[in-house]
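*Asks:* Protein chains in written order, with my numbering: chain A, 19 to 329; chain B, 18 to 450; chain C, 56 to 389.
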């Protein structure tokens, strides 16, 4: 119950921030988009696997959004829905053969595939716009034509709704049979097989979910920026997603979003205040987090809530 | 009673109208500058930042712009396009920055241009070269105080045809990203307009940041093209030149064309042989044949050397153009506004029909926001005065000969260039003195 | 889409008439097909590139074998090794020391940097995360990489750095009408081969080497047998780090070092390590050769896919052999 209250409070706070400080909408939208992608990553982390290529699904969905916006001028809601389908499809196809792998090979294969996508997007500029990417005009949202301010506010509301929805879906998934089986892949996969549950199938389901969530995040990001570039699928981006997952706490979907916000604003202010040393700062923060709070910010919150309820 | 009411309302109306026209002079003119402070392009961004700090101090010492001092905030483009955008918006919407100077990366220019238009803030594109930004869409608040990729590449073709016209085969080794690809496209299409049967023997696009060009160099040695084009910059260009020089590619007899090499001349030192065609994306050179003895230019070179230990390179000149262009724009707008501080719209408008001078030739601004900047190209030569190559046989190409006219698209225009532009007497040659 | 072929049915060019207002970039070259001399050239270019790749990947695979951690900061070792080697080269010129020292200076630089950074990383970070989640271990090395990137920039600045005396000293030689530097054609592969042979001998022939192999196989059992795993780990990290730094040091006479140069080499060395099998030295050698050669052949035959090739190879190999080309036999833990 406490957690739900916290979620509502945070959502309202974010909305208020966005309304009072118009410039904040951009980083908030980016943070929410990242949070969605990270919530996909934590699904994989629950299985004990780290993917260094999940950004490729975000990238794919982003480019899908851009293409469809340019060709067919669809409404933003349709764009998001269709891009998610695209990402899910890609996840299903890739997941089909990638769920055989575990550990470092899983991570590396994802990395390789994302680098292939990155290189292809950069090379075939006639179709993909090359390294400059594809720009597209602001689409209608819910069939209403907005100006920049209005569009961003509407997108913010949509993003918050989607984020809360995604978080709820992820938590329900974790509590479900598939989610519990997914966690068993990390602890003891062989025993899972002995129970008669196909670890590969369970992992495949988790992979598709992760891909869809990343796609959702990517599509949202594309709409915020109005521009998609191959950088969206670069391996450093995937690394950032993992960074955020650990920073926020990979145990709960809320951790993904908290981590995304902390990361976004920390990077922004580190770059603004310590121009030229922001990478140093981020690296040090990460090291400290790993040693002091390996369960992330959410882990700290959870501990606090639990100690309060005990008292 | 009625008279009093009417009188009051007229007075209030007049007062508010007057207030609307007369903007208060701000306490300081805040500008935001995006530049690369981390990442590979910091080889440009950091000297440009140093130049900006130097020049802003100078301008402030002389009273600022219209009596108002400048204060600059820097954004690191190396944090990524989306974060740069967030920071951009924070500066404009929260900190009330009046003007933005953005950006180095063409990708970032593509991102900020529509945002600047929406936010109604003046955005001066100070270094990015993509011609598409101003050709694809008409902006009110976005201007560019330097040339674009089309101008630079067409001028390079003209110089090549003027100095070493006898060639039939050409090869290219460019960085594999938008600039590398687009610059080759413009160059080739322009070249074909003059030499339709030139043969392209190899098109190689090593990835950005490649550390080894061995295969590309071997291939060039095997194919023996007459001309080799390489529009790389920074570490990539340095590595290519050094590896090519070590393996004797330069002494093979091919004409090497390196349009961005002005920024590497000092670093490369003796590694860059003589006889190479180099350019600097504009008439930027600390030994500019027409302006090297200008007291202002000499002072800038000396101060820059004192501050950074190196001679200024083209990004620093681009920064100077942006700042001086901004200054002239404001001053012209103030004059047009009867001495009162102008609105952003008035400055943006003034910047579309002005002429200003930095450390090269006068630059004139067009109605679509594109600046017309002369191009300087030369051939490398060793001289005893400097431990690195200098340019000789320098040619200055006036911008209007080589820039896509307003309303036309570059890919179409370059194909229709008339061959007799080569015979123009406005193409001046200078020797090194 | 229009595809043009030459008289010999060679793919000449593909023209995409695209609806997007962007120009078409996909064109292959209209050049003579591969013949014997071009083949030899591609071979030589590929081998020298592979040699450098192998040295860097060797360090990475060694560290992984012993610590089971993929050290993302390895790319920083490459970069710092190169920068430091350039610095030493400048020092030699500045103090007028005999130019003959330039070549050994590269090895000295690599050794010093490897020992220094390896020790720092080991004691400050890696030793303390051995019992943590593998994801956390990976992230710590990622964080170390970020920190080192900025430190590197603060120490050496942003201007490209290079010192090339070593290469010019050694001169050039001509093969099939193409000039190569002796450094590239002879020295680099020689060092790579020496490293390979030396390491194999060390691991199989010396007591300490066998201890390293034991720890690679099973850390706990090795400790139970009386092996000082802490010391072995430190040794592996310094040797592995020195190898990575050596890659950078050997690259510095021909490559300009700029900010961000570590990241590129890192991803490539990952590809080599994953393809060859983690902890496998022989596998790393073969994978490095595969990737190096295929890259140089791609530049000759189909430059468009040059960037994709390492990743395509990696995906291809891993699909057929999920553990990489060579893999250590491991008992399945129930």
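Don't be surprised by glycine CBs; every beta carbon is placed ideally from N, CA and C.
1) Taking residue 398 of chain B as part of the beta strand (DSSP E), name the residues at either end of that continuous run.
2) List the residues of chain A that residue 186 of chain C touches, going by C-beta distances under 8 Å, in chain order.
3) For residue 210 of chain B, report the span of its alpha helix (DSSP H) as first-last.
4) Name the chain C residues whose beta carbon is nearer than 7 Å to that of residue 222 of chain B?
5) Taking only beta carbons into account, state which residues of the region 91-111 of chain B come closer than 9 Å to chain D, listed in chain order.
6) Output the residue ranges of the beta strand (DSSP E) runs that lie fully inside the region 166-241 of chain C and measure 3 residues or longer, sorted by chain position.
7) Answer yes if the region 155-172 of chain C comes into contact with the region 295-305 of chain C, meaning at least three C-beta pairs across the two stretches below 8 Å, and no otherwise.
8) Any beta-carbon of chain B closer than 7 Å to the one on residue 34 of chain A?
9) Does residue 273 of chain B come out as helix, strand or coil in the three-state DSSP assignment?
10) Considering Cα atoms alone, identify which of B/79, B/140, B/123 is closest to residue 108 of chain B.
11) Give the straight-line distance between the Cα atoms of residue 172 of chain C and residue 311 of chain C, rounded to the nearest whole angstrom.
12) Just to make sure I have the definition right: I need the residues of chain B whose C-beta is within less than 9 Å of the C-beta of residue 48 of chain A. Which are they?
13) State the Cα-Cα distance for the pair residue 32 of chain B and residue 357 of chain B, rounded to the nearest angstrom.
14) Output the distance between the C-alpha atoms of residue 218 of chain A and residue 115 of chain A, rounded to the nearest integer angstrom.
15) Measuring straight from C-alpha to C-alpha, what distance separates residue 127 of chain B and residue 279 of chain B?
16) If we count the other Cβ atoms within 10 Å of its Cβ and call it buried at 16 or more, is residue 247 of chain B buried or exposed?
17) Any beta-carbon of chain C closer than 7 Å to the one on residue 312 of chain A?
18) For residue 70 of chain A, which three-state DSSP category applies?
19) Using the beta-carbon of each residue, which ones in chain C are nearer than 7 Å to residue 253 of chain A?
20) Relative to the C-alpha of residue 358 of chain A, which candidate in C/141, C/183, C/193, C/368 has its C-alpha closest?
21) Determine which residues of the region 57-78 of chain B have a Cβ less than 7 Å from any Cβ of chain C, and write them out in chain order.
22) Taking residue 405 of chain B as the reference, give the member of B/266, B/88, B/288, B/205 with the closest Cα.
23) Taking 6 Å as the limit between beta carbons, can you name the residues of its chain near residue 340 of chain B, skipping five residues before and five after?
24) Roughly how far, in whole angstroms, is the beta-carbon of residue 246 of chain C from the beta-carbon of residue 305 of chain C, given that I think they are within contact range, below 8 Å?
25) Are the CB atoms of residue 229 of chain A and residue 105 of chain A within a distance shorter than 7 Å?
26) Can you confirm whether residue 148 of chain A, when its beta carbon is compared against all beta carbons of chain B, has any partner nearer than 7 Å?
27) Go through its chain and collect everything with a Cβ distance to residue 133 of chain A's Cβ below 7 Å, but skip five positions before and after it.
28) Cα separation between residue 77 of chain C and residue 156 of chain B?
29) Mapping the DSSP letters down to three states, classify residue 447 of chain B as helix, strand or coil.
30) Excluding the 5 residues preceding and the 5 following residue 39 of chain B in the sequence, name in chain order all residues of the same chain whose CB lies nearer than 8 Å to its CB.
31) Taking 6 Å as the limit between beta carbons, can you name the residues of its chain near residue 84 of chain C, skipping five residues before and five after?
32) Take residue 310 of chain A and list the residues in its own chain whose beta-carbon comes closer than 6 Å to its own, dropping the five residues that flank it on each side.
33) Look at the alpha carbon of residue 152 of chain A and the alpha carbon of residue 118 of chain B, and state the distance between them as a whole number of angstroms.
34) Would you report the Cα separation of residue 40 of chain A and residue 174 of chain A, rounded to the nearest angstrom?
35) When the Cα atoms are used, what is the spatial distance from residue 267 of chain C to residue 275 of chain C?
36) What are the start and end residues of the alpha helix (DSSP H) that includes residue 319 of chain C?
*Replies:* Taking the structure as given:
1) What you label residue 398 of chain B is simply residue 381 of the second chain in a count that begins at 1. Element bounds for residue 398 of chain B: 392-398.
2) On the third chain, residue 186 of chain C is found 131 positions in, with the first residue counted as 1. Result: empty, since nearest Cβ-Cβ is about 11 Å, beyond 8 Å.
3) Along the second chain, read from residue 1 onward, the residue named residue 210 of chain B stands at position 193. 195-211 is the span of the alpha helix (DSSP H), which, as asked, contains residue 210 of chain B.
4) Position 205 of the second chain holds residue 222 of chain B. Per Cβ cutoff of 7 Å: 358.
5) The structure shown has no chain D; the protein chains it does contain are A, B and C.
6) 227-230, 233-236
7) yes
8) As a working note, residue 34 of chain A is residue 16 in the first chain. So no, residue 34 of chain A is outside the interface.
9) Taking the first residue of the second chain as 1, we reach residue 273 of chain B at position 256. Strand at residue 273 of chain B.
10) What you label residue 108 of chain B is simply residue 91 of the second chain in a count that begins at 1. Looking at the Cα atoms, B/140 is the closest of the given residues.
11) By one-based count along the third chain, residue 172 of chain C stands at place 117. By one-based count along the third chain, residue 311 of chain C stands at place 256. Answer to the nearest angstrom: the Cα atoms are 22 Å apart.
12) Translated into positions along the first chain, residue 48 of chain A becomes position 30. By Cβ distance, chain B contributes 99, 100, 102, 103.
13) For the purposes of this step, residue 32 of chain B is identified with residue 15 of the second chain, where counting begins at 1. For the purposes of this step, residue 357 of chain B is identified with residue 340 of the second chain, where counting begins at 1. Low confidence applies here, because residue 32 of chain B scores a pLDDT of 49, under 50, leaving its location unreliable; read the following figure in that light. Cα-Cα distance, rounded: 16 Å.
14) As a first step, residue 218 of chain A is located in the first chain; it is residue number 200 there, counting from the start. As a first step, residue 115 of chain A is located in the first chain; it is residue number 97 there, counting from the start. In a straight line, the C-alpha of residue 218 of chain A is about 10 Å away from that of residue 115 of chain A.
15) Along the second chain, read from residue 1 onward, the residue named residue 127 of chain B stands at position 110. Along the second chain, read from residue 1 onward, the residue named residue 279 of chain B stands at position 262. Whole-angstrom Cα-Cα distance: 26 Å.
16) For the purposes of this step, residue 247 of chain B is identified with residue 230 of the second chain, where counting begins at 1. Classification for residue 247 of chain B: buried.
17) For this step, residue 312 of chain A is matched to residue 294 along the first chain. Yes, contact with chain C.
18) Here the question's residue 70 of chain A lines up with position 52 in the first chain. It is coil, neither helix nor strand.
19) As a first step, residue 253 of chain A must be located in the first chain, where it is residue number 235. What residue 253 of chain A touches in chain C: 322.
20) Because chain A spans 19 through 329 in this model, residue 358 of chain A falls outside it and cannot be assessed.
21) 57, 59, 60, 63
22) One-based indexing of the second chain puts residue 405 of chain B at position 388. Closest by alpha carbon: B/288.
23) Position 323 of the second chain, counting from 1, holds the residue named residue 340 of chain B. Excluding sequence neighbours, residue 340 of chain B sits near 72.
24) Taking the third chain and counting its residues from 1, one reaches residue 246 of chain C at position 191. Taking the third chain and counting its residues from 1, one reaches residue 305 of chain C at position 250. Right, the Cβ-Cβ distance comes to about 7 Å (below 8 Å), so this counts as a contact.
25) Residue mapping note: residue 105 of chain A aligns to position 87 of the first chain, counting from 1. Residue mapping note: residue 229 of chain A aligns to position 211 of the first chain, counting from 1. The answer is yes: Cβ separation under 7 Å.
26) Start at 1 with the first residue of the first chain, and residue 148 of chain A comes out as number 130. Judged by the 7 Å Cβ criterion, residue 148 of chain A is in contact with chain B.
27) Along the first chain, one-based indexing puts residue 133 of chain A at 115. The answer, listed in chain order, is 253.
28) Reading the third chain from its first residue, position 22 is the one you call residue 77 of chain C. Reading the second chain from its first residue, position 139 is the one you call residue 156 of chain B. Because the pLDDT at residue 77 of chain C is just 36, under 50, the model does not fix this residue reliably, and the point stays unresolved.
29) The residue labelled residue 447 of chain B in the question sits at position 430 within the second chain. Correct three-state label for residue 447 of chain B: strand.
30) Stepping through the second chain from its first residue, residue 39 of chain B is reached at position 22. Note that residue 39 of chain B scores a pLDDT of 47, beneath 50, so its modelled location is shaky; the value from the coordinates is reported in the next line. Excluding sequence neighbours, residue 39 of chain B sits near 357, 358.
31) As a first step, residue 84 of chain C is located in the third chain; it is residue number 29 there, counting from the start. Per-residue confidence for residue 84 of chain C stands at a pLDDT of 43, beneath the threshold of 50, marking its modelled position as unreliable; the derived number appears in the next sentence. Here the set comprises nothing.
32) Position 292 of the first chain, counted from the start, is the residue given in the question as residue 310 of chain A. So no residue of the chain qualifies.
33) Taking the first chain and counting its residues from 1, the one referred to as residue 152 of chain A is at position 134. Taking the second chain and counting its residues from 1, the one referred to as residue 118 of chain B is at position 101. Distance between the alpha carbons of residue 152 of chain A and residue 118 of chain B: 23 Å.
34) Stepping through the first chain from its first residue, residue 40 of chain A is reached at position 22. Stepping through the first chain from its first residue, residue 174 of chain A is reached at position 156. Whole-angstrom Cα-Cα distance: 11 Å.
35) Sequence index remark: in the third chain, residue 267 of chain C carries index 212 (1-based). Sequence index remark: in the third chain, residue 275 of chain C carries index 220 (1-based). Each residue's alpha carbon lies about 13 Å from the other.
36) Along the third chain, read from residue 1 onward, the residue named residue 319 of chain C stands at position 264. 316-331 is the span of the alpha helix (DSSP H), which, as asked, contains residue 319 of chain C.
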